[in-house]
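Visitor: Structure below; questions to follow.
Protein chains: 2
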Amino acid sequence: MLRYKCTIAYDGSGFSGYQIQPKGRTVQGELEAALKRIHKDEDIHVTGSGRTDAGVHAVGQVIHFDSPYNIPIDRWPIVLNSALPDDISVQHIEEVTSDFHARYSVIQKEYRYKVYTGKIRDPFSRNYAYHFPYEINEDQMRQASQYLIGTHDFTSFCSAKTEVIDRVRTINEISFIRSNHELEVRFVGNGFLYNMVRILMGTLLEVGIGKRNPEEVPIILEKKNRVNAGKTAPSQGLYLWKVYYE
Amino acid sequence: MLRYKCTIAYDGSGFSGYQIQPKGRTVQGELEAALKRIHKDEDIHVTGSGRTDAGVHAVGQVIHFDSPYNIPIDRWPIVLNSALPDDISVQHIEEVTSDFHARYSVIQKEYRYKVYTGKIRDPFSRNYAYHFPYEINEDQMRQASQYLIGTHDFTSFCSAKTEVIDRVRTINEISFIRSNHELEVRFVGNGFLYNMVRILMGTLLEVGIGKRNPEEVPIILEKKNRVNAGKTAPSQGLYLWKVYYE
């Protein structure tokens, strides 16, 4: 068996999320169905770097799978893409050793969150950014984001439904990219809890419109209670941008 | 009655085209349904600058309608957008005199055609650009486009189903905007025949990949027969960008 590491992009609009489930169209489901067809009806399990929710996009999700096939490496993306629906695309594929694991070998992840700030809604970004037509003070958001950098217990910034016990994570970077009516926020860290980027983003936006002070952020962290943070920003603005391995 | 000139944007992916028809969701149909709701069940007819086909987008389509309502002008977009589905958006609205006509008063139109040239397909542009993963010689395309500028009989560059008798049109500008994996071609002229931009684009792309010489273009024009031009480029790359009035 050969192990393949595979970088994929998908438009999350048409999926009930990454992870396979009994009902609804999923990214993992489509990947496994495509691999099954390629492998003459043999089941091939796909392991992702992590899940993404319904509506969340990926530019650089990483998965691995094992295959008995030794297809030339530059043929693999073509073979896979011709078997996949057009809202998923294999961007890159490489052979890796069997100790590579798409989830356990992750050292860092990058998410981006896109906000469309135009006053009037834009039909082209409705599934690809969060329409937030308010005056935003980016400086205040930057200040607030500084309190999030570093190693913290992010219990206040994850869904109350989070089952993981250890909620300590390290955020290495939060940066802001502005162009015209689009604000893109980059989050880089060693791991993100359930809904964490969306709650961080929702809270930063509340700072941006003056509903909260940047100085509230360390207090929210300290409370270790989801109710203290801001709203969960909607899924369509979120992109799993890159997964970093050793 | 007051006449309103209204600039609208729409994502063409979910429409069977602009013009109302017995079956299928149309832009005109949605606009008239929204106006009817706003006008307490009164029928309000909408006149567009022209039709766009299924899958074709608009950034600046212009329509006019007459209304007995004297809603403050800055309230109109809000009222209309709250009644419209989220793949159509009213960008701007102004009151005009009753001699303004969205179709007959047009002096010039601008269309843009987007091509995605990345080798591997991009799920995010599948409905918003034509995936054309070949080496393109832009210089050759520029050369070919020069033969199209000016006043010509464009019979060879419109659908064989075109019913209009007079196929003489003037193209004032064809320009190329390149960024990364995207090539955007701008077409400005006094009018465009049925499928004209898509056939022009398909022909230019055939020049771009060396299937045709730029010098063939004047010969194609002269033949006045659709069969001599290139393929019709697909609808999802086309945008009605701007409509110019006096």
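As they're listed, the protein sequences go chains W and B. FYI, full-length UniProt numbering numbers position 142 of the first sequence as 142, with every residue one higher than the one before it. FYI, full-length UniProt numbering numbers position 46 of the second sequence as 46, with every residue one higher than the one before it. Every residue, glycine too, gets a C-beta built ideally from N, C-alpha and C.
Within the region 67 to 126 of chain W, note down every full beta strand (DSSP E) run reaching 3 residues or more, in order along the chain.
Guide: If we require 3 residues or more, the beta strand (DSSP E) runs fully inside the region 67 to 126 of chain W come out as 88 to 96, 106 to 116.
Visitor: So, at 8 Å on beta carbons, what are the nonlocal neighbours of L2 of chain W in its own chain, with the 5 sequence-adjacent residues on each side left out?
Guide: The answer, listed in chain order, is D66, S67, P68, Y69, N70, E95.
Visitor: Since A9 of chain B meets chain W, which of its residues come closer than 8 Å, beta carbon to beta carbon?
Guide: Near A9 of chain B (Cβ distances below 8 Å), the residues of chain W are D122, P123, F124.
Visitor: Since residue 255 of chain B meets chain W, which of its residues come closer than 8 Å, beta carbon to beta carbon?
Guide: This structure cannot speak to residue 255 of chain B, because chain B is shown only from 1 to 246.
Visitor: Any beta carbon of chain B sitting closer than 9 Å to that of N81 of chain W?
Guide: Yes, because at least one Cβ of chain B sits closer than 9 Å to the Cβ of N81 of chain W.
Visitor: Helix, strand or coil for K36 of chain B? Go by DSSP, reduced to three states.
Guide: Three-state result, K36 of chain B: helix.
Visitor: Under 8 Å: do the region 178 to 185 of chain W and the region 214 to 230 of chain W share three or more Cβ pairs, one atom per stretch?
Guide: Contact between the region 178 to 185 of chain W and the region 214 to 230 of chain W is absent, because fewer than three Cβ pairs lie under 8 Å.
Visitor: Counting Cβ pairs, one atom from each stretch, are 3 or more of them under 8 Å apart for the region 203 to 211 of chain B and the region 132 to 148 of chain B?
Guide: Short answer: they touch.
Visitor: Note down, one range per segment and in chain order, each beta strand (DSSP E) of at least 3 residues found wholly within the UniProt domain "Pseudouridine synthase I TruA alpha/beta" (144 to 246) of chain B.
Guide: With a minimum length of 3 residues, the continuous beta strand (DSSP E) runs that stay inside the UniProt domain "Pseudouridine synthase I TruA alpha/beta" (144 to 246) of chain B are 150 to 153, 168 to 179, 182 to 189, 238 to 245.
Visitor: V59 of chain B: which of B:I174, B:K231, B:S89, B:S105 sits nearest, CA to CA?
Guide: Ranking the options by Cα distance to V59 of chain B, first place goes to B:S89.
Visitor: Can you tell me which of the three DSSP states Q61 of chain B falls into?
Guide: Note: Q61 of chain B maps to strand in three-state DSSP.
Visitor: State the DSSP-derived secondary structure class of G12 of chain B, mapped to helix, strand or coil.
Guide: Helix, per DSSP.
Visitor: Mind listing the chain W neighbours of Y77 of chain B? Cutoff is C-beta to C-beta under 7 Å, in chain order.
Guide: The sequence shown places Pro at residue 77 of chain B, not Tyr. Within chain W, the residues near P77 of chain B are I120.
Visitor: Would you call the region 42 to 52 of chain W and the region 93 to 110 of chain W in contact, with 3 or more CB pairs under 8 Å?
Guide: The region 42 to 52 of chain W vs the region 93 to 110 of chain W: in contact.
Visitor: What three-state label does DSSP hand G29 of chain W in the structure shown?
Guide: Helix, per DSSP.
Visitor: Are I8 of chain W and L35 of chain W close, meaning C-beta to C-beta below 9 Å?
Guide: No, they are not a contact pair.
Visitor: Select from B:H152, B:A229, B:K224 the residue whose C-alpha is nearest the C-alpha of T203 of chain B.
Guide: Of the listed residues, the one whose Cα sits closest to T203 of chain B is B:A229.
Visitor: Going by C-alpha to C-alpha distance, which of W:P123, W:L238, W:W76, W:Q143 sits closest to K5 of chain W?
Guide: Ranking W:P123, W:L238, W:W76, W:Q143 by Cα distance to K5 of chain W puts W:W76 first.
Visitor: Have a look at the DSSP bridge pairing and note the partners of residue 253 of chain B.
Guide: The structure shown does not extend to residue 253 of chain B, since chain B is modelled only from 1 to 246, so the question has no answer here.
Visitor: With distances taken Cα to Cα, identify the nearest neighbour of T117 of chain B among B:E42, B:S179, B:D43, B:T151.
Guide: Among B:E42, B:S179, B:D43, B:T151, the Cα nearest to that of T117 of chain B is on B:S179.
Visitor: Using a Cβ-Cβ distance cut-off of 9 Å, determine whether V90 of chain W contacts chain D.
Guide: The chain inventory of the structure shown lacks chain D, comprising the protein chains W and B.
Visitor: Which one of B:P85, B:D87, B:V106 has the shortest CA to CA distance from Y245 of chain B?
Guide: Selected option, being the one with the closest Cα: B:V106.
Visitor: Return the CA-CA distance between I38 of chain B and F154 of chain W, expressed in angstroms with no decimal places.
Guide: Straight-line Cα distance between these residues: approximately 47 Å.
Visitor: Is it buried or exposed, E42 of chain B, if we count other Cβ atoms within 10 angstroms and call 16 or more buried?
Guide: Exposed, by the Cβ-count rule.
Visitor: In terms of DSSP beta bridges, what is R142 of chain B paired with?
Guide: Bridge partners of R142 of chain B: none, in fact.
Visitor: Leaving aside the five residues before and after D87 of chain B along the sequence, list all residues of the same chain whose C-beta is less than 7 Å from its C-beta, in chain order.
Guide: So the qualifying residues of the chain are Y10, D11, G14.
Visitor: Do N172 of chain W and Q91 of chain W come within 9 Å of each other at the CB atom, strictly closer than that value?
Guide: Cβ distance not < 9 Å, so Q91 of chain W and N172 of chain W don't count as in contact.
Visitor: Pick from W:R142, W:Y128, W:K161, W:D139: whose alpha carbon is nearest that of S235 of chain W?
Guide: Of the listed residues, the one whose Cα sits closest to S235 of chain W is W:Y128.
Visitor: Quick one: residues in its chain with C-beta nearer than 8 Å to the C-beta of L84 of chain W, no 5 flanking neighbours on either side, listed in chain order?
Guide: Only E30, L31, A34, V90 meet the Cβ criterion.
Visitor: Going along the chain, which residues of its own chain have a beta-carbon closer than 6 Å to the beta-carbon of Y194 of chain W, five neighbours each way excluded?
Guide: Excluding residues within five positions, the ones whose Cβ falls inside 6 Å are C158, S159, T162.
Visitor: Quick one: is H101 of chain W near chain B, going by C-beta distance under 9 Å?
Guide: For H101 of chain W, the answer is no, since every Cβ of chain B falls outside 9 Å of its Cβ.
Visitor: I174 of chain W and L148 of chain W - do their beta-carbons sit closer together than 9 Å?
Guide: Going by C-beta atoms, L148 of chain W is nearer than 9 Å to I174 of chain W.
Visitor: Got a sec: is the Cβ-Cβ distance from residue 253 of chain W to anything in chain B below 9 Å?
Guide: Outside the shown range of chain W, which is 1 to 246, sits residue 253 of chain W, and nothing can be said about it.
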